[in-house]
Amino acid sequence: MSRRPVIGIPTQTLQAIDGIPEGLPHSWVMNRRYYHAITAVGAVPWMVPLLHDDLDTLREIYDRLEGLLIAGGVDVHPSRFGMDPIPELGRTDDARDIVEMQLVRWALEDGMPIFGLCRGLQVLNVVRGGSLHQDIAAQVPTASKHDYFPTAGFARD
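Numbering (my numbering), first residue to last: 5 to 161.
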(Lines of atoms letter the chains of each structure in order from A and count residues from 1; the text may use other names and numbers.)
(Lines give C-alpha, C1' and ligand atoms only; values in the text may rest on other atoms or scores of the structure.)
Protein backbone atom coordinates (compact mmCIF):
# COMPACT_ATOMS: atom_id res chain seq x y z
CA MET A 1 0.00 0.00 0.00
CA SER A 2 1.40 3.39 -0.97
CA ARG A 3 1.56 6.23 1.50
CA ARG A 4 -0.61 9.28 0.84
CA PRO A 5 1.26 12.61 0.56
CA VAL A 6 0.90 15.02 3.47
CA ILE A 7 -0.04 18.57 2.46
CA GLY A 8 0.39 21.39 4.96
CA ILE A 9 -2.25 24.12 5.10
CA PRO A 10 -1.31 27.03 7.37
CA THR A 11 -4.10 28.41 9.51
CA GLN A 12 -5.14 32.01 9.98
CA THR A 13 -5.82 34.06 13.09
CA LEU A 14 -9.48 34.32 14.05
CA GLN A 15 -9.70 38.02 14.91
CA ALA A 16 -13.45 38.41 15.01
CA ILE A 17 -14.21 37.26 18.57
CA ASP A 18 -15.78 40.12 20.47
CA GLY A 19 -14.41 40.88 23.89
CA ILE A 20 -10.85 39.60 23.39
CA PRO A 21 -8.51 42.49 24.19
CA GLU A 22 -5.90 43.35 21.57
CA GLY A 23 -2.60 41.55 22.18
CA LEU A 24 -4.11 38.42 23.75
CA PRO A 25 -3.93 35.10 21.89
CA HIS A 26 -6.67 34.35 19.38
CA SER A 27 -7.77 31.07 17.83
CA TRP A 28 -6.30 29.56 14.67
CA VAL A 29 -8.80 28.58 11.99
CA MET A 30 -9.01 27.67 8.30
CA ASN A 31 -11.86 26.95 5.92
CA ARG A 32 -12.64 23.23 5.98
CA ARG A 33 -13.19 23.17 2.21
CA TYR A 34 -9.42 23.17 1.71
CA TYR A 35 -9.08 20.05 3.87
CA HIS A 36 -11.89 18.28 2.01
CA ALA A 37 -10.30 19.18 -1.33
CA ILE A 38 -6.95 17.73 -0.23
CA THR A 39 -8.53 14.46 0.87
CA ALA A 40 -10.59 14.31 -2.36
CA VAL A 41 -7.37 14.13 -4.39
CA GLY A 42 -5.95 11.37 -2.19
CA ALA A 43 -3.66 13.38 0.06
CA VAL A 44 -3.64 13.95 3.81
CA PRO A 45 -4.23 17.55 4.98
CA TRP A 46 -2.18 18.81 7.90
CA MET A 47 -3.32 21.96 9.72
CA VAL A 48 -0.20 24.07 10.35
CA PRO A 49 -0.45 26.34 13.42
CA LEU A 50 0.87 29.89 13.30
CA LEU A 51 3.97 29.27 15.41
CA HIS A 52 5.58 32.48 14.17
CA ASP A 53 7.66 32.78 17.34
CA ASP A 54 8.83 29.13 17.35
CA LEU A 55 10.55 28.48 14.03
CA ASP A 56 12.26 25.33 15.36
CA THR A 57 8.88 23.66 15.90
CA LEU A 58 7.58 25.07 12.62
CA ARG A 59 10.56 23.48 10.86
CA GLU A 60 9.78 20.12 12.50
CA ILE A 61 6.26 20.36 11.10
CA TYR A 62 7.55 21.40 7.67
CA ASP A 63 9.96 18.46 7.56
CA ARG A 64 6.99 16.07 7.73
CA LEU A 65 5.22 17.64 4.72
CA GLU A 66 5.36 16.77 1.04
CA GLY A 67 3.53 19.85 -0.23
CA LEU A 68 2.00 23.15 0.80
CA LEU A 69 -1.36 24.74 0.10
CA ILE A 70 -1.23 28.45 0.85
CA ALA A 71 -4.87 29.55 0.96
CA GLY A 72 -6.65 32.83 0.40
CA GLY A 73 -7.29 35.30 3.18
CA VAL A 74 -6.43 38.71 4.53
CA ASP A 75 -3.96 41.14 2.98
CA VAL A 76 -0.20 40.64 3.14
CA HIS A 77 1.19 43.49 5.24
CA PRO A 78 2.92 46.01 2.94
CA SER A 79 6.02 46.08 5.15
CA ARG A 80 6.72 42.59 3.76
CA PHE A 81 7.34 44.14 0.33
CA GLY A 82 8.90 47.40 1.48
CA MET A 83 5.90 49.72 1.47
CA ASP A 84 3.94 51.71 4.01
CA PRO A 85 0.24 50.88 4.43
CA ILE A 86 -2.32 53.01 2.61
CA PRO A 87 -5.67 53.85 4.25
CA GLU A 88 -7.56 51.39 2.02
CA LEU A 89 -5.46 48.40 3.14
CA GLY A 90 -7.62 45.60 4.52
CA ARG A 91 -7.03 43.52 7.63
CA THR A 92 -3.64 41.80 7.97
CA ASP A 93 -2.32 38.87 10.03
CA ASP A 94 1.31 39.29 11.07
CA ALA A 95 1.74 35.75 12.42
CA ARG A 96 0.29 34.28 9.23
CA ASP A 97 2.61 36.41 7.07
CA ILE A 98 5.65 35.20 9.02
CA VAL A 99 4.66 31.51 8.99
CA GLU A 100 3.54 31.30 5.38
CA MET A 101 6.54 33.19 4.07
CA GLN A 102 8.94 31.01 6.03
CA LEU A 103 7.24 27.81 4.82
CA VAL A 104 7.34 29.06 1.23
CA ARG A 105 11.06 29.95 1.53
CA TRP A 106 11.85 26.46 2.78
CA ALA A 107 9.68 24.86 0.10
CA LEU A 108 11.37 26.86 -2.66
CA GLU A 109 14.81 25.88 -1.32
CA ASP A 110 13.80 22.20 -1.22
CA GLY A 111 11.76 22.08 -4.43
CA MET A 112 8.61 21.14 -2.51
CA PRO A 113 5.34 21.64 -4.43
CA ILE A 114 3.41 24.78 -3.48
CA PHE A 115 -0.20 25.45 -4.45
CA GLY A 116 -1.10 29.10 -3.89
CA LEU A 117 -4.68 30.37 -3.98
CA CYS A 118 -5.37 34.11 -4.10
CA ARG A 119 -3.39 35.34 -1.06
CA GLY A 120 -1.18 32.27 -1.50
CA LEU A 121 -0.03 33.52 -4.90
CA GLN A 122 0.59 36.93 -3.36
CA VAL A 123 2.73 35.35 -0.62
CA LEU A 124 4.74 33.45 -3.24
CA ASN A 125 5.18 36.66 -5.25
CA VAL A 126 6.42 38.62 -2.22
CA VAL A 127 8.81 35.85 -1.11
CA ARG A 128 10.30 35.90 -4.62
CA GLY A 129 10.89 39.66 -4.36
CA GLY A 130 7.70 41.00 -5.91
CA SER A 131 5.36 43.72 -4.72
CA LEU A 132 1.59 44.06 -4.58
CA HIS A 133 -1.13 46.64 -4.95
CA GLN A 134 -2.56 47.10 -1.46
CA ASP A 135 -6.03 47.89 -2.75
CA ILE A 136 -6.81 47.30 -6.41
CA ALA A 137 -9.90 49.53 -6.48
CA ALA A 138 -7.96 52.46 -5.00
CA GLN A 139 -4.70 51.96 -6.86
CA VAL A 140 -5.93 50.64 -10.23
CA PRO A 141 -9.32 52.27 -10.81
CA THR A 142 -9.67 50.72 -14.31
CA ALA A 143 -9.26 47.14 -13.04
CA SER A 144 -12.09 44.62 -13.20
CA LYS A 145 -13.90 43.73 -9.99
CA HIS A 146 -12.11 40.84 -8.31
CA ASP A 147 -13.34 40.71 -4.72
CA TYR A 148 -16.63 38.81 -4.61
CA PHE A 149 -16.93 38.43 -0.85
CA PRO A 150 -19.76 36.44 0.74
CA THR A 151 -20.29 39.32 3.17
CA ALA A 152 -21.26 41.46 0.16
CA GLY A 153 -23.92 38.97 -0.93
CA PHE A 154 -21.88 36.78 -3.27
CA ALA A 155 -22.33 33.03 -2.71
CA ARG A 156 -19.23 30.85 -2.64
CA ASP A 157 -19.69 27.43 -4.13
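Ideal placement from N, C-alpha and C gives every residue a C-beta, glycine not left out.
Inclusion of residue 76 and residue 123 in the CB contact set at 7 Å is warranted, their separation being smaller than that value. In this chain, the beta strand (DSSP E) harbouring residue 17 covers 16-18. In the three-state reduction of the DSSP assignment, residue 72 falls in the strand class. Around residue 139, the same chain offers 90, 92, 93 as residues with beta carbons nearer than 7 Å, after the five sequence neighbours per side are excluded. Excluding residues up to 5 positions away in sequence, 9, 10 lie with their Cβ nearer than 6 Å to the Cβ of residue 70 in the same chain. Between the alpha carbons of residue 46 and residue 114 lies a gap of roughly 23 Å. Remark: C-beta atoms of residue 72 and residue 118 approach each other more closely than 7 Å.
In the three-state scheme derived from DSSP, where H, G and I count as helix and E and B as strand, residue 83 is classed as helix. Nearest to residue 83 by C-alpha distance, out of 102, 144, 65, is 102.
In the three-state DSSP reduction, residue 9 falls in the coil class, being neither helix nor strand. Our two residues, residue 158 and residue 151, have alpha carbons roughly 10 Å apart in a direct line.
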